[in-house]
Amino acid sequence: QKRMRPPTKVALLLPFFANEGIEPDTTIIQVDSLSGEIIKSKPKPLKGRGAAEFYEGFLLSVDTLRKTGQNISLFVYDTEGDTNIMETIFNELDIVEPDIIVGPFFASNVRKASKYAFEHKIPFVPPLMKDDSSIMNNPYLFQVYPSEESELIWQVKYLSQIQSNKMILLYKPSLKNQD
Numbered sequence: 001q002k003r004m005r006p007p008t009k010v011a012l013l014l015p016f017f018a019n020e021g022i023e024p025d026t027t028i029i030q031v032d033s034l035s036g037e038i039i040k041s042k043p044k045p046l047k048g049r050g051a052a053e054f055y056e057g058f059l060l061s062v063d064t065l066r067k068t069g070q071n072i073s074l075f076v077y078d079t080e081g082d083t084n085i086m087e088t089i090f091n092e093l094d095i096v097e098p099d100i101i102v103g104p105f106f107a108s109n110v111r112k113a114s115k116y117a118f119e120h121k122i123p124f125v126p127p128l129m130k131d132d133s134s135i136m137n138n139p140y141l142f143q144v145y146p147s148e149e150s151e152l153i154w155q156v157k158y159l160s161q162i163q164s165n166k167m168i169l170l171y172k173p174s175l176k177n178q179d
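Pasting the structure below:
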């Protein structure tokens, strides 16, 4: 008889903005103040659409893992992009005791979640974080996107393998007052 392993508890923190409601067929229209002509007309994107699409893909991944025999318990939280709501979520996570935290999306919430993950020794995956030096010292952080430095190192390694008499120049201007 096959014994079932205890579930891997996954906390998914996404900004669904579920409490804000949906405004169907909302359109943004810009009108030229002099001529009165419509300049641009486009549908207003739903605020939590990116989170919903990410969630759909995440559910497909969980389904695939379950088909391979993995026991996954998924706990989904709506951060609403609000740092105050994160405190409520952390109180719930204290009870759930997740094995991994995925999300959130927004930088201020990522910093709070990183601190929580570090203090509780929980692996942490912020899916959209690129380079944020304020959380890079967290040993529980798993970065999905490589840092810019890593990308450049691999580009140089790749390009150095090409036998050619052509020269490739990579240039990145530095921006003043960059955060």
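Per the numbering used here, the sequence shown runs over residues 1 to 179.
Don't be surprised by glycine CBs; every beta carbon is placed ideally from N, CA and C.
It should be emphasised that the depicted structure is a prediction, and the values quoted were computed from it without experimental measurement.
Next on the checklist: Would Ile74 and Val10 qualify as a contact pair, given that the criterion is a beta-carbon distance under 9 Å?
Outcome noted: Along the sequence shown, one-based indexing puts residue 74 at 74. Along the sequence shown, one-based indexing puts residue 10 at 10. Per the sequence shown, residue 74 should be read as Leu rather than Ile. The answer is yes: Cβ separation under 9 Å.
Next on the checklist: What residue range does the alpha helix (DSSP H) around Asp99 cover?
Outcome noted: Taking the first residue of the sequence shown as 1, we reach residue 99 at position 99. Going by DSSP, Asp99 is part of no alpha helix (DSSP H) at all; its letter is neither H nor E.
Item to check | Neighbourhood of Asp32 by C-beta distance below 6 Å, restricted to the same chain and skipping five residues each side | outcome: Position 32 of the sequence shown holds residue 32. If we look at Asp32 and ignore the five residues flanking it on each side, its Cβ neighbours are Ile39.
Item to check | Residue range of the unbroken alpha helix (DSSP H) whose run includes Ala52 | outcome: For the purposes of this step, residue 52 is taken as the residue at position 52 of the sequence shown. For Ala52, the enclosing alpha helix (DSSP H) has its first and last residue at Arg49 to Lys67.
Checklist entry - How close, in whole Å, do the beta carbons of Ile100 and Pro123 come, if the pair is a contact with beta carbons under 8 Å? => result Here residue 100 is taken as the residue at index 100 of the sequence shown, counted from 1. Here residue 123 is taken as the residue at index 123 of the sequence shown, counted from 1. With a Cβ gap of about 5 Å, Ile100 and Pro123 count as contacting.
Checklist entry - Between which two residues does the beta strand (DSSP E) containing Ala11 stretch? => result The count along the sequence shown starts at 1 and reaches residue 11 at position 11. Following the DSSP letters along the chain, one finds Ala11 inside the beta strand (DSSP E) bounded by residues Thr8 to Leu14.
Next on the checklist: I'd like to know if the region 68 to 88 and the region 12 to 19 are in contact, where contact means that at least 3 CB-CB pairs between them fall below 8 Å.
Outcome noted: Taking one beta carbon from each stretch, the region 68 to 88 and the region 12 to 19 have 3 or more pairs nearer than 8 Å; the two touch.
Checklist entry - Thinking just about the alpha-carbon of each residue, which of Asp94, Val96, Lys157 and Ala113 is nearest to the one in Gly103? => result The residue you call residue 103 lines up with position 103 of the sequence shown. Nearest of Asp94, Val96, Lys157 and Ala113 to Gly103, Cα basis: Ala113.
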